[in-house]
Amino acid sequence: MKATIYHNPSCSKSRQALALLTQQGIDIELRDYRRVPPNVIELRALLASLKRPAHDLLRSKDAEYTLAGLSPAASDEAIFAAISAYPKLLERPIVVTAKGARIGRPTDALLEIL
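Its first residue numbered 6, the sequence shown is counted upward by one per residue in the working numbering.
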């Protein structure tokens with residue numbers, strides 16, 4: 006099985022998700038979204054796989070959330086633009102497999118798609 010992880014090596018939850026994937030013997034494509042932010046097409050695909058509202062893609066407690074003028078009522082387009090401008094706003098980790106996508110908070114949520 007192959008998985009893509011939208012990863013931040015500084016984040017403990019992201020490191021836990023990476024360790025889980027490694028323990029499960031998963032072929033991992035590591036995506037440091039801070040260096041290479043997902044584009045709008047990728048964000049739409051993530052949203053479709055997650056089957057959650059676009060606002061769930063955001064780290065709403067980060068200062069950039071306020072800087073971007075976001076709120077729970079923000080449009081998908083505003084959220085995608087904010088993530089493009091401030092990649093650290095993307096919730097982490099996000100893991101994508103052929104079975105779907107999950108935000109790894111808690112890490113055990115990833116087991117559903119492995």
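Beta carbons are placed, not taken as given, at the ideal position from N, Cα and C, and that holds for glycine.
*Proximity to L94 [Cα-Cα], best of M6, R107, A8, N13*: Taking the first residue of the sequence shown as position 1, residue 94 is located at position 89. For L94, the nearest C-alpha among the options comes from N13.
*T102: first and last residue of the uninterrupted beta strand (DSSP E) it sits in*: Translated into positions along the sequence shown, residue 102 becomes position 97. Residues 99–102.
_Quick check: what's the CA-CA separation for K104 versus L72?_
As a position in the sequence shown, residue 104 is number 99, starting the count at 1. As a position in the sequence shown, residue 72 is number 67, starting the count at 1. For K104 and L72, the gap between their C-alpha atoms comes out near 35 Å.
*In angstroms with no decimal places, state the Cα-to-Cα distance between A4 and V41.*
Residue 4 is absent from the model: the chain starts at 6 and stops at 119.
*In three-state terms, what does DSSP make of K66?*
For this step, residue 66 is matched to residue 61 along the sequence shown. It is coil, neither helix nor strand.
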